[in-house]
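Take a look at the structure set out below.
Chains as they are written, first to last, in the working numbering: chain H, 423 to 583; chain R, 3 to 137.
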């Protein structure tokens, strides 16, 4: 079967067919536009599936290790979503947030969540989150990426040791 | 005092990194297990809980500044939450040490890949940073 969007000469007149997974679809005079739209739709669907996969992998890592979901999500979204650097970081945080809600709920209902021990970390983390949010725009993104990459290497060595 | 001060300081530093989306949550997990002597399972539970207020605080500003991309978020969040639910329930039945080595290998690969990409971009002269106007 020809690739999706193939133009086909049929008998004495030009008939344009859009070959895709659903079979041949005859097109009219706006064939080029329709092909472009269809290819764009198929590409968007492939990207959506990849983004779903990225979310699932981040959820798996976060569920198994109690952290690290962002480390999975960030490189994958960087490759598959086409987002710019700051939007990529912010959107990754937004995805990991509900994932952590789910994991925390599981730990809580399994009675494995030490709330009193966690309290100082939470207080410091909340203040840090505010500071990080306010300063996010002022931080050079290039350095963010280098810091993040070095941190991945550091984490990898520590997990292997 | 030290029982509160050190954890709070570690929380502060990793909270800032978390709001920047730079894997701060994993750093806290490592700090707790390697420097503060927290049990692995307990550290995982604290780590997961820790991310919630830090991310919430950071997200407030990210959303206000228009950095959140909702289509991507919508696509990733449901599969992520379902996967986290299933694997959290499974992981609590197993020893966390079982997954340590594979995760370590992945982290090394991810870090090396990212540094390689950064190096290639800088070598080709491509800009890797953008200012506030480049949203």
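Even for Gly, the Cβ is constructed at its ideal location relative to N, Cα and C.
Counting every other CB atom within 10 Å of its CB across the protein chains shown gives residue 489 of chain H a total of 16 or more, marking it as buried. Rounded to whole angstroms, the Cβ separation of residue 81 of chain R and residue 491 of chain H is 12 Å, and the two are not in contact under 8 Å.
The same chain holds no residue with a CB closer than 7 Å to that of residue 15 of chain R once the five nearest residues on each side in sequence are set aside. Contact annotation: residue 501 of chain H and residue 69 of chain R have beta-carbon atoms that are not nearer than 8 Å. At a C-beta separation below 7 Å, residue 535 of chain H has these neighbours in chain R: 47, 51.
Closest in C-alpha terms to residue 63 of chain R, from the list R:6, R:109, R:18, comes R:18.
Here residue 122 of chain R is exposed, its C-beta having fewer than 16 other C-beta atoms within 10 Å. Bounds of the alpha helix (DSSP H) holding residue 502 of chain H are 491 to 502. For residue 126 of chain R, no CB of chain H lies under 8 Å from its own CB, so it is not counted at the interface with that chain. Excluding five sequence positions before and after residue 472 of chain H, the CB atoms of its chain that fall closer than 7 Å to its own CB belong to 502, given in chain order. The shortest C-alpha to C-alpha distance from residue 93 of chain R to any of R:127, R:6, R:43, R:5 is the one to R:43.
H:487 is the residue among H:560, H:554, H:487 whose C-alpha sits nearest the C-alpha of residue 95 of chain R. Counted as a single uninterrupted DSSP element, the alpha helix (DSSP H) harbouring residue 520 of chain H occupies residues 507 to 531. Cβ atoms of residue 505 of chain H and residue 28 of chain R stay farther apart than 8 Å, at about 21 Å.
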